[in-house]
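For reference, the structure discussed in these notes is given below.
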Amino acid sequence: MSRALATTSTLSQQALPAGLDPARLPAHVAVIMDGNGRWASRRGLPRVMGHREGVEALKRTLRLCSDWGIGALTAYAFSTENWNRPGEEVSFLMALFERVLARELEALEREQVRIRFLGDLEPLPSGLRALIANATTRTAGNSGIHFNVCTNYGGRAELVHAARRLAEQAARGELDPASIDETQFAAQLHTAGERDPDLLIRTSGELRISNFLLWQLAYAELHITDVLWPDFDERALVSALLDYQNRQRRFGGVEPSLPPSAHQP
Ligand code: IPE
Ligand code: IPE
Ligand code: MG
Numbered sequence: 306m307s308r309a310l311a312t313t314s315t316l317s318q319q320a321l322p323a324g325l326d327p328a329r330l331p332a333h334v335a336v337i338m339d340g341n342g343r344w345a346s347r348r349g350l351p352r353v354m355g356h357r358e359g360v361e362a363l364k365r366t367l368r369l370c371s372d373w374g375i376g377a378l379t380a381y382a383f384s385t386e387n388w389n390r391p392g393e394e395v396s397f398l399m400a401l402f403e404r405v406l407a408r409e410l411e412a413l414e415r416e417q418v419r420i421r422f423l424g425d426l427e428p429l430p431s432g433l434r435a436l437i438a439n440a441t442t443r444t445a446g447n448s449g450i451h452f453n454v455c456t457n458y459g460g461r462a463e464l465v466h467a468a469r470r471l472a473e474q475a476a477r478g479e480l481d482p483a484s485i486d487e488t489q490f491a492a493q494l495h496t497a498g499e500r501d502p503d504l505l506i507r508t509s510g511e512l513r514i515s516n517f518l519l520w521q522l523a524y525a526e527l528h529i530t531d532v533l534w535p536d537f538d539e540r541a542l543v544s545a546l547l548d549y550q551n552r553q554r555r556f557g558g559v560e561p562s563l564p565p566s567a568h569q570p
């Protein structure tokens, strides 16, 4: 996986802060961007203002991860359960995704970001779907960070979808059920081709997964911070990375080891 921003990038890159070991950075960071509503409420603002500010936090995080050579950033933007929110909040979010994507596409292209949207995209407004298709195609060949935005994403829905795809292949006689293994299963997930996250960050202090990347997080290191997502900044990211670098990953063994290469591209 290529890490670097294009050398033609005109924006200055941030150096890796002292104290972080460049050789032991996570290759893939996943983030549950939580706490937008509370950030706004604490300021006496409508919840949606927290979402607007949350976009700035995401842009900051993407830029830092990219500058520091982190290979992939996967962000939870909208869950399959988030449709249960008030209609005005859902509409605001869809309009926000559309506006931000239209506005930022040029910068993503310039900075060699490869963007993908993971989830069931069918129920999204058609204007947003068109922008997503365009952004995905236009950035598909980019050599920089893989930026995955989980939109109408649910871990259980993803697993059911994968099981159905394999069952269909078996029913057509194209696949022997006995041959299904973890690699084949993972190839049917939205994240196919992406290595599993090494680090999961959840903001706003909630100690739960909320249906995010249920398969892929099997051996991720977890970092939960009380920082609300709109306040998530370089300091908060460094603190998550330092926490990660202090962990000993064992993958079920007794000695520290690297992620198993099985199921990784
Ligand atoms: C996360 O912030 C953003 C989305 C789920 C879209 P929340 O909107 O969940 O904020 P809180 O948790 O209510 O503070
Ligand atoms: C998880 O946050 C989903 C996203 C960040 C998109 P939620 O705020 O929806 O999760 P719960 O309801 O606290 O579990
Ligand atoms: Mg929340």
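The sequence shown begins at 306 in this note's numbering and counts up by one. All residues carry an ideal CB built from backbone N, CA and C; glycine is no exception.
How long is the line joining the alpha carbons of residue 556 and residue 412, rounded to whole angstroms?
Position 251 of the sequence shown holds residue 556. Position 107 of the sequence shown holds residue 412. Going by the C-alpha atoms only, they are around 38 Å apart.
Looking at residue 433 and residue 403, is the spacing between their C-beta atoms short of 8 Å?
By 1-based counting over the sequence shown, the position of residue 403 is 98. By 1-based counting over the sequence shown, the position of residue 433 is 128. Contact flag set, yes.
Let me confirm a value: residue 373 is counted as buried when at least 16 other C-beta atoms fall within 10 Å, else exposed. Which label applies?
In the sequence shown, counting from the first residue as 1, residue 373 sits at position 68. Under this definition residue 373 is a buried residue.
For residue 558 and residue 349, what's the separation of their Cα atoms in angstroms?
Residue 558 sits at position 253 when you count from the first residue of the sequence shown. Residue 349 sits at position 44 when you count from the first residue of the sequence shown. So the alpha carbons of these two residues sit roughly 50 Å apart.
Can you tell me whether residue 397 is helix, strand or coil according to DSSP?
Here residue 397 refers to the residue found at position 92 when the sequence shown is read from its first residue. In the structure shown, residue 397 sits in a helix (DSSP, three-state: H, G or I).
In the DSSP assignment, find the unbroken alpha helix (DSSP H) run with residue 532 in it and report its ends.
Start at 1 with the first residue of the sequence shown, and residue 532 comes out as number 227. Neither: residue 532 is in no alpha helix (DSSP H) and is coded neither H nor E.
Please output, in chain order, the residues near ligand 1 using a CB cut-off of less than 5 Å to any non-hydrogen atom of the ligand.
So the residues near ligand 1 by this Cβ test are 339, 340, 341, 342, 343.
If you check the beta carbons only, do residue 398 and residue 356 fall under 8 Å apart?
Here residue 398 is taken as the residue at index 93 of the sequence shown, counted from 1. Here residue 356 is taken as the residue at index 51 of the sequence shown, counted from 1. Taking 8 Å as the Cβ cut-off, residue 398 and residue 356 qualify as a contacting pair.
Does the distance from the C-beta atom of residue 526 to that of residue 554 stay below 8 Å?
On the sequence shown, position 221 is the one that residue 526 refers to. On the sequence shown, position 249 is the one that residue 554 refers to. Yes, the pair counts as a contact, with Cβ atoms nearer than the cut-off.
Tell me whether residue 294 counts as near ligand 2, meaning its Cβ is closer than 7 Å to at least one heavy atom of that ligand.
Here the chain covers residues 306 to 570 and nothing more, so residue 294 does not appear.
Please report how far the alpha carbon of residue 352 lies from the alpha carbon of residue 387, in whole angstroms.
As a position in the sequence shown, residue 352 is number 47, starting the count at 1. As a position in the sequence shown, residue 387 is number 82, starting the count at 1. For residue 352 and residue 387, the distance between alpha carbons rounds to 14 Å.
What's the gap between the Cα of residue 366 and the Cα of residue 518?
Here residue 366 refers to the residue found at position 61 when the sequence shown is read from its first residue. Here residue 518 refers to the residue found at position 213 when the sequence shown is read from its first residue. Each residue's Cα considered, the two are about 19 Å apart.
Taking the alpha carbon of residue 346 as the reference point, which residue from 535, 522, 380 has its own alpha carbon closest?
Taking the sequence shown and counting its residues from 1, one reaches residue 346 at position 41. Considering only alpha carbons, the answer is 535.
Which residues does DSSP list as the beta-bridge partners of residue 560?
Residue mapping note: residue 560 aligns to position 255 of the sequence shown, counting from 1. Paired residues: none, contrary to the question.
Counting only the same chain and skipping the five closest in sequence on each side, list residues whose C-beta sits under 6 Å from that of residue 496.
Translated into the one-based positions of the sequence shown, residue 496 becomes position 191. Hits under 6 Å: 521.
Can you have a look at residue 442 and say buried or exposed, based on whether 16 or more other CB atoms are within 10 angstroms of its CB?
Translated into the one-based positions of the sequence shown, residue 442 becomes position 137. By the 10 Å Cβ count, residue 442 comes out exposed.
Is residue 382 closer than 8 Å to residue 419 when the C-beta atoms are compared?
Counting from one through the sequence shown, the residue named residue 419 turns up at place 114. Counting from one through the sequence shown, the residue named residue 382 turns up at place 77. In this structure, residue 382 does not lie closer than 8 Å to residue 419 by Cβ.
Closest Cβ-Cβ distance between residue 497 and chain D: below 8 Å?
This model lacks chain D altogether; it includes just one protein chain.
Hey, would you say the C-beta of residue 529 is under 7 Å away from at least one heavy atom of ligand 4?
With respect to ligand 4, the structure shown offers nothing to examine, as its ligands consist of ligand 1, ligand 2 and ligand 3.
Rounded to a whole number of angstroms, what is the C-alpha to C-alpha distance between residue 528 and residue 507?
The residue you call residue 528 lines up with position 223 of the sequence shown. The residue you call residue 507 lines up with position 202 of the sequence shown. Rounded to the nearest angstrom, the two C-alpha atoms are 6 Å apart.
Can you give me the C-alpha to C-alpha distance between residue 498 and residue 515, rounded to a whole angstrom?
By 1-based counting over the sequence shown, the position of residue 498 is 193. By 1-based counting over the sequence shown, the position of residue 515 is 210. Rounded to whole angstroms, residue 498 to residue 515 spans 23 Å at the Cα level.
Where does residue 339 land, buried or exposed, given buried means 16+ other C-beta within 10 angstroms?
Numbered from 1 along the sequence shown, position 34 holds the residue referred to as residue 339. Flag for residue 339 reads buried.
Please specify which runs of the beta strand (DSSP E), each continuous and at least 3 residues long, are wholly inside the segment 308-373, giving them in chain order.
Listed in chain order, the complete beta strand (DSSP E) runs (minimum 3 residues) inside the segment 308-373 are 333-337.
Quick one, are the C-beta atoms of residue 325 and residue 550 less than 8 Å apart?
Within the sequence shown, the letter at position 20 stands for residue 325. Within the sequence shown, the letter at position 245 stands for residue 550. For residue 325 and residue 550, yes; Cβs fall inside 8 Å.
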